[in-house]
Every structure is written in C-alpha cells, then in structure tokens.
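In the working numbering, the protein residues as written are 4 to 416. Following: one structure in structure tokens, then a few remarks.
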C-alpha cells in the first residue's frame with residue numbers, strides 16, 4: 004500500500020467515523036466538513052487504487068450522515084468534482100459499493116433526469132450491469148429503489164435490457180430461497196420500484212410481496228398529526244381517514260376519499276426529495292397531495308381554504324371561511340360607524356372596551372395561512388406582555404370600582 008493510498012484511506016475513515024456520531028457530538032461546522040471532503044476528492048482524482056469504489060461509497064454515505072443535500076453540494080461547488088471521481092472509478096465498484104453509493108446519491112437528492120449529463124447515468128448503469136451476477140437480494144432491491152428515487156428515465160433502465168436482468172436476478176433468488184430470503188425493507192423497496200418502473204414481476208412473487216406488506220402494522224400517528232386531524236373534523240363533516248394506504252405501500256396521514264385529497268403532515272424527519280416520489284405515484288392515481296410542515300402555524304382559515312379548494316363542505320357553524328373575511332371586516336366597520344352616529348351614550352363595559360380594539364384588529368388582519376413560529380425569546384416577550392396587560396386590566400377595574408362611587412357596572416336602576 005502506497006503512502007498516498009494510506010492517507011486517502013485514513014481521510015475517508017476519519018470522515019465516515021465522524022459522520023456516524025450523534026448530532027450532539029458533531030462539532031465540525033459545514034465549512035470544516037467541506038475542507039475534509041475537498042481533500043478526499045483531490046486524493047481520489049489522483050488515485051489509481053482499485054479500491055476507490057469503496058472510498059467513494061464511504062464518502063457518499065458520510066455526506067448523508069452529516070446532513071448534506073445535493074443542493075448543499077451544488078452550492079459549494081463540489082458536485083462536479085464528486086461526479087468526476089465517480090465517472091473515473093465506476094469500474095472499481097463491487098456489488099455492495101454500487102448499491103450503497105446509489106442509495107446515498109438518492110438520499111442526497113440527485114436527479115439524473117435533470118442532470119443533463121448522460122455519461123454519469125451510463126457509467127452507473129454499466130457498473131450495475133457488471134455486478135448483477137454477484138448481487139444479493141438486498142443489493143438488487145436497493146439498486147431498483149435508488150434508481151426510482153434518482154428519477155432514472157425508464158428508457159435508460161431498459162437499455163441493454165437491464166430491467167429484465169434485475170428482475171431475473173430477483174426471481175432466481177426467490178425460486179431458490181423463497182420469499183423469506185427478502186427482509187421487509189427489501190420488499191418495500193421492490194414494491195416502490197415496481198410501481199415506479201411498472202416492472203413485470205411474476206404473479207406469485209407479487210402476491211407474496213403484497214401478503215408480506217399486508218402483515219405490517221399500521222403506522223402510528225404522531226400527536227401533532229392527530230391534533231391536525233381533529234381540527235379538520237371540527238371544520239367539516241366529510242369522511243376523513245387517518246393513516247390510509249394505497250397499493251399496500253403508499254401511506255398518507257389524512258385522506259378525504261370524497262375529494263381524493265391526501266394531507267401529509269411533515270415532521271422533523273421529513274425528507275422532501277424522498278417523499279416527492281410518493282407524491283408522484285399518488286398523482287398517477289389521481290390523488291391530490293397537500294403537505295403541511297410541522298414548523299408552520301396554520302390558522303383555521305388556511306385549513307378551510309384547503310377544504311374549499313377541493314370542494315369539501317364545511318360544518319354549518321363555520322362562518323369565517325376566507326371568502327367571508329372581507330365581508331365580516333367590512334360589516335364590523337359599518338357597525339362602528341353607526342355607533343359613532345348614535346347620540347345616546349350606552350353604559351360603559353370596561354372589560355369589553357379594553358378588548359374591543361384587539362378583537363376588531365384580529366378580524367381585520369386575520370392570521371396568515373402559514374407563518375413561521377416565533378422564537379423562544381419572542382414567546383417569552385409576548386407572554387410577559389400578556390401578563391403585564393392582564394395585570395393592568397384587573398388593576399384598572401379595581402381602582403375605578405373603589406374610587407368612583409357613581410360607577411354602576413351592572414346598570415341597575
């Protein structure tokens with residue numbers, strides 16, 4: 004082993020080991036990670052080692068673990084050198100290297116359809132073709148799932164009959180080892196790829212896959228998801244289903260069957276470019292998908308607008324639909340103007356007077372559909388203001404009651 008190879012191996016090993024640490028222990032900043040990545044890419048560009056495929060696989064997996072996306076990679080101008088080393092060393096990938104590298108590229112968010120560089124697709128497909136004979140069941144499943152998420156065009160997969168070769172490999176493993184040879188993760192990946200590429204699997208294998216998927220428990224709804232579902236139930240009397248499933252694999256959080264509307268609540272673990280494939284598969288089935296991010300503060304008006312847009316009826320007691328907000332605001336202004344014209348002075352209700360302006364302002368300026376939540380400091384500041392205002396209101400009422408003996412808050416006599 005040469006000194007250059009040893010240095011490259013150490014660099015990759017250190018980067019990969021660091022990327023596997025818990026997020027709380029990742030002390031390097033993004034720019035420091037980039038320094039390490041650039042060093043590795045420079046070494047790989049000059050390397051002639053036949054194990055470079057393994058180093059590339061570790062580098063890509065490390066980028067995923069650290070939290071990079073393809074946008075980060077492009078913005079920091081390491082996309083071109085990264086793809087260059089892949090094209091240079093694609094022939095050094097073994098079956099596990101190519102499977103894990105494709106999975107990492109899919110999780111990073113690379114889109115082969117939009118790349119405009121057919122050479123990288125051809126090189127990756129060539130490496131797949133060379134390694135099919137040594138593929139295990141999980142390798143084949145990972146490769147097909149990854150190619151689906153990479154948005155590889157179907158005609159590219161059909162080139163050199165690669166789709167048929169991969170299916171034959173899967174069927175061969177199935178015939179020799181049975182369905183038990185495929186873990187549920189591999190079955191899930193194969194089902195996604197089968198839907199995306201419309202792969203022609205044998206009926207017996209497909210039925211057994213569906214049977215295994217049907218055995219899986221329904222995903223557990225998060226507390227936030229259930230709260231959102233309850234809010235929708237209060238707004239509409241339409242049929243609503245929590246955790247609905249299509250094709251035994253495509254789960255949606257909330258589904259309105261009458262409108263073919265799926266509501267997806269995206270929590271902290273949401274990966275947009277991974278879920279995009281599911282959205283497109285649902286779109287093929289005629290299902291409309293609306294995504295609500297966990298960081299958004301969604302008012303009832305925003306939820307009502309979703310229901311109205313998709314033709315879902317509201318409960319009779321719902322009067323603040325977005326189309327009525329302007330009319331409501333206008334009618335309140337008219338009432339205020341009429342009160343000013345009225346010469347008879349009505350008894351003062353101090354509590355209502357204190358809150359009147361706030362109520363009017365809230366209706367005239369409704370909450371925007373999706374505002375980002377306030378910071379902790381803003382929340383503390385707002386809460387302090389609320390306590391101060393509450394104390395002021397209570398104190399004012401008490402002082403007026405004590406000092407003005409003519410005040411008659413109940414308008415008696």
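C-beta: ideal position from N, C-alpha, C; glycine also.
Contact check, residue 152 vs residue 280, beta carbons under 8 Å: Locating residue 152 in the chain shown gives position 149, counting from the first residue. Locating residue 280 in the chain shown gives position 277, counting from the first residue. Yes; because the gap between Cβ atoms is below 8 Å, this pair is in contact.
Of the listed residues 83, 222, 128 and 35, nearest to residue 257 (C-alpha basis): In the chain shown, counting from the first residue as 1, residue 257 sits at position 254. Nearest option by C-alpha distance: 222.
Residue 267 (DSSP reduced to helix, strand or coil): Looking up residue 267 in the chain shown gives position 264. Note: residue 267 maps to strand in three-state DSSP.
Supposed contact pair residue 55 and residue 95 - C-beta distance, whole angstroms, cut 8 Å: Here residue 95 refers to the residue found at position 92 of the chain shown. Here residue 55 refers to the residue found at position 52 of the chain shown. So it is a contact: roughly 5 Å between Cβ atoms.
First through last residue of the alpha helix (DSSP H) which encompasses residue 246: Working through the chain shown from its first residue, we reach residue 246 at position 243. Unbroken run through residue 246 is the beta strand (DSSP E), 244-249; no alpha helix (DSSP H).
Cβ-based neighbour list, residue 106, same chain, cut-off 7 Å, excluding 5 preceding and 5 following: Within the chain shown, numbered from 1, the residue matching residue 106 stands at position 103. Within the same chain, residue 106 has close Cβ partners 145 and 149.
For residue 129, the first and last residue of its enclosing beta strand (DSSP E): Within the chain shown, numbered from 1, the residue matching residue 129 stands at position 126. Where residue 129 is concerned, there is no enclosing beta strand (DSSP E), although the alpha helix (DSSP H) it sits in stretches over 121-134.
Start-to-end residues for the alpha helix (DSSP H) that takes in residue 58: Counting from one through the chain shown, the residue named residue 58 turns up at place 55. It spans 55-69 - the alpha helix (DSSP H) in which residue 58 sits, taken as one unbroken run.
Candidates 72, 44 and 119, of which the one nearest residue 89 by Cα: Numbered from its first residue, the chain shown carries residue 89 at position 86. The shortest CA-to-CA distance from residue 89 to any of 72, 44 and 119 is the one to 44.
Beta carbon of residue 504 nearer than 8 Å to that of residue 193: In this structure the chain extends from 4 to 416, so residue 504 is not present and cannot be described.
Buried or exposed (CB count within 10 angstroms, at least 16 for buried), residue 165: Within the chain shown, residue 165 is the residue found at index 162, counting from 1. Classification of residue 165: buried, given that the 10 Å Cβ count is 16 or more.
Residue 296, enclosing alpha helix (DSSP H) - first and last residue: Sequence index remark: in the chain shown, residue 296 carries index 293 (1-based). Premise fails: residue 296 lies in the beta strand (DSSP E), 291-296, not in any alpha helix (DSSP H).
Given 8 Å, three or more beta-carbon pairs between the region 196-209 and the region 288-307: Segments in contact, no.
Unbroken alpha helix (DSSP H) run spanning residue 76, endpoints: Here residue 76 is taken as the residue at index 73 of the chain shown, counted from 1. Segment 73-78, the alpha helix (DSSP H) holding residue 76.
For residue 257, the first and last residue of its enclosing beta strand (DSSP E): As a working mapping, residue 257 is identified with position 254 in the chain shown. Looking at the DSSP string, the run of the beta strand (DSSP E) that includes residue 257 is 253-259.
Straight-line gap, residue 347 to residue 238 (C-alpha atoms, nearest Å): Walking along the chain shown from the start, residue 347 turns up at place 344. Walking along the chain shown from the start, residue 238 turns up at place 235. In this predicted model, residue 347 has a pLDDT of only 48, less than 50, meaning its place in the structure is not dependable enough to derive any value.
Proximity below 8 Å, CB of residue 131 to CB of residue 101: On the chain shown, residue 131 is found 128 positions in, with the first residue counted as 1. On the chain shown, residue 101 is found 98 positions in, with the first residue counted as 1. The Cβ-Cβ distance between residue 131 and residue 101 falls below 8 Å.
Backbone CA spacing between residue 1 and residue 241 [nearest angstrom]: Shown here, the chain extends from 4 to 416; a query on residue 1 therefore has no answer.
Top-ranked residue by Cα proximity to residue 183, from 319, 13, 79 and 215: Against the chain shown, residue 183 aligns to sequence position 180. When only C-alpha atoms are compared, the closest one is 215.
Beta-carbon proximity check, residue 266 vs residue 244, cutoff 8 Å: Walking along the chain shown from the start, residue 266 turns up at place 263. Walking along the chain shown from the start, residue 244 turns up at place 241. Against a cut-off of 8 Å, the Cβ pair of residue 244 and residue 266 comes out as no contact.
Alpha carbon of residue 14 to alpha carbon of residue 46, nearest angstrom: Sequence index remark: in the chain shown, residue 14 carries index 11 (1-based). Sequence index remark: in the chain shown, residue 46 carries index 43 (1-based). Taking the straight line joining both Cα atoms gives about 9 Å.
Counted within 10 angstroms of its Cβ, other Cβ atoms place residue 76 as buried (16 or more) or exposed: Taking the first residue of the chain shown as 1, we reach residue 76 at position 73. Residue 76 should be labelled buried.
Terminal residues of the alpha helix (DSSP H) in which residue 226 lies: Your numbering for residue 226 matches position 223 in the chain shown. Segment 226-238, the alpha helix (DSSP H) holding residue 226.
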